[in-house]
Amino acid sequence: MSRFKDTDMQAVIGWILRLGVLLSMSVIFIGGIIYLNRHGNIPVDYHTFKGVPDFVHSTKGIINGIITIRGRAIIQAGIILLIVTPVIRVVFSAIGFILEKDYLYTGITILVLLIITASMLSGHAG
Numbered sequence: 000m001s002r003f004k005d006t007d008m009q010a011v012i013g014w015i016l017r018l019g020v021l022l023s024m025s026v027i028f029i030g031g032i033i034y035l036n037r038h039g040n041i042p043v044d045y046h047t048f049k050g051v052p053d054f055v056h057s058t059k060g061i062i063n064g065i066i067t068i069r070g071r072a073i074i075q076a077g078i079i080l081l082i083v084t085p086v087i088r089v090v091f092s093a094i095g096f097i098l099e100k101d102y103l104y105t106g107i108t109i110l111v112l113l114i115i116t117a118s119m120l121s122g123h124a125g
């Protein structure tokens, strides 16, 4: 059985980052096309601020917006994919350090993952 190599994990992490960015970019592009197709001809009124629709403020709203093919919801999903991509990279880094039996870096990586998770759940960025 061949031994796990650090370069193998780096290659996997590189592909995860590339795939995440390309997937996110594609989803945002598709959402933009749908949005412009439906709302591109509507004149803009700069005198009143309308803000962001309520459905893009929750996961359930975004999922319902994707199901009903709303451009803004699809764009929002692409942005979420872009944010999740480096988090997945941290998870795979932790897995790589566990496989290498590098417990110091495993602990540091898990600590970073806990900080990212806590900040996402609390709504505080630092």
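Sequential numbering of the sequence shown, starting at 0, is according to numbering that gives the first Met the number 0. Cβ atoms here follow ideal geometry from the backbone N, Cα and C, with glycine treated the same way.
Just mark GLY13 as buried or exposed, buried being the case when its beta carbon has 16 or more other beta carbons within 10 Å.
Exposed, by the Cβ-count rule.
Reduced DSSP secondary structure (H/G/I, E/B, other) of GLY19
Looking at GLY19 - three-state DSSP - the assignment turns out to be helix.
So is PHE48 buried or exposed if we call it buried at 16+ other beta carbons inside 10 Å?
By the beta-carbon neighbour count (other beta carbons within 10 angstroms, threshold 16), PHE48 is exposed.
Near LEU16, which residues of its chain fall below 7 Å by C-beta distance, leaving aside the five closest residues on each side in sequence?
THR84, ARG88, listed in sequence order.
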